[in-house]
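My numbering applies: residue 4 is where the sequence shown begins, and numbers increase by one.
Glycine included, every Cβ here is placed at the ideal spot set by N, Cα and C.
Heads up: the structure comes next, in structure tokens.
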Amino acid sequence: MSNTADRPVQVGSHYPFFDTNAALRFDRAAALAHVEVYLGCFGLGAHRRKYPAQLSGGQRQRAAIAQQLLCSDYLILPDEPFSGLDVAMIDEVEKIIVEVTTLDELNTVLIVSHDIATTTALADRLWLLSHERDAATGQLLPGATISPRHQYNLAQLGLAWHPGVESEPEFAQFVAEIKEEIRGS
């Protein structure tokens, strides 16, 4: 069978995402309306024409989260969302993350952070990445892993996010234990 202009070979035609023409078409008005919804949700409507350098740290974090919501179906992956922010802005970003999780029950937020206390306060599960060591030599093995002893179901521990969780003594004790475990690894 020859591949000619009047008999093209169709690869993956039974998969809808291989239809590049359909994938590239979008309704501009619907897309702009969707953007406006998120600008409103995150208090960025008045800043829609600003460049990132013209936004505060908190505004940039909100814009980054809104961008992820616009580009992803229900998965938000903020990388170091509390880095470089003052205490007031950390509180603001915490509120935004909580709001994002309540916008749709399918929304999943996977936070990558070195801020153990703030991240734990927002979580219902906690996974600590670490480097494993070779048992014989003690040398670090390449690649980060999550061992079973570094997985915590905070809901089972009664420490999953709820208003005021950070002020509970059990929370402070858990965070102290996690920090001690990290220092010991």
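So the alpha helix (DSSP H) residue i belongs to, where does it begin and stop?
| i | result |
| --- | --- |
| E184 | P172 to G187 |
| E39 | R31 to C44 |
| K53 | Unbroken run through K53: none, as it is neither H nor E. |
| V232 | The displayed coordinates of the chain run from 4 to 188. Any statement about residue 232 would go beyond what the structure contains. |
On a CA-only basis, which of the options is nearest residue i? Give me that one, please.
| i | options | result |
| --- | --- | --- |
| R128 | A34, A120 and Q154 | Q154 |
| T1 | A36, F85 and D76 | Here the chain has residues from 4 to 188 only, and residue 1 is not among them. |
| A33 | T104, I114 and L73 | L73 |
| A120 | G61, G46, E183 and A36 | E183 |
| Q149 | Q159, D137, E169 and S133 | In the sequence as displayed, the identity of residue 149 is Ile instead of Gln. Per the Cα distances, S133. |
| E39 | G187, A91, A69 and T105 | A69 |
| E97 | Q159, G61 and E135 | G61 |
| H165 | A147, G146 and A124 | A124 |
| R152 | I99, S116, G167 and I181 | I181 |
| S75 | V112, I93, L88 and F45 | V112 |
How would you call residue i, buried or exposed, if buried means at least 16 neighbouring beta carbons within 10 angstroms?
| i | result |
| --- | --- |
| L143 | exposed |
| L80 | exposed |
| Y41 | buried |
| L162 | buried |
| Q64 | buried |
| I185 | exposed |
| G43 | exposed |
| A126 | buried |
| E95 | buried |
| A138 | exposed |
| A49 | exposed |
| G187 | exposed |
| L157 | buried |
| V103 | buried |
| A66 | buried |
| L88 | buried |
Check the C-beta distance from residue i over to residue j and give it rounded, since I have them as a contact under 8 Å.
| i | j | result |
| --- | --- | --- |
| L109 | Y77 | 4 Å |
Hey, quick one: how far does the beta strand (DSSP E) through residue i stretch, first residue to last?
| i | result |
| --- | --- |
| R128 | R128 to W130 |
| G60 | Counting along the chain, G60 falls outside any beta strand (DSSP E), though it belongs to the alpha helix (DSSP H) covering G60 to C74. |
| Q57 | Counting along the chain, Q57 falls outside any beta strand (DSSP E), and DSSP gives it neither H nor E. |
Taking DSSP's pairing of strands, which residues face residue i in a bridge?
| i | result |
| --- | --- |
| T111 | L78 |
| L143 | R136 |
| Q159 | Answer by DSSP bridge pairing: none, since Q159 is not bridged. |
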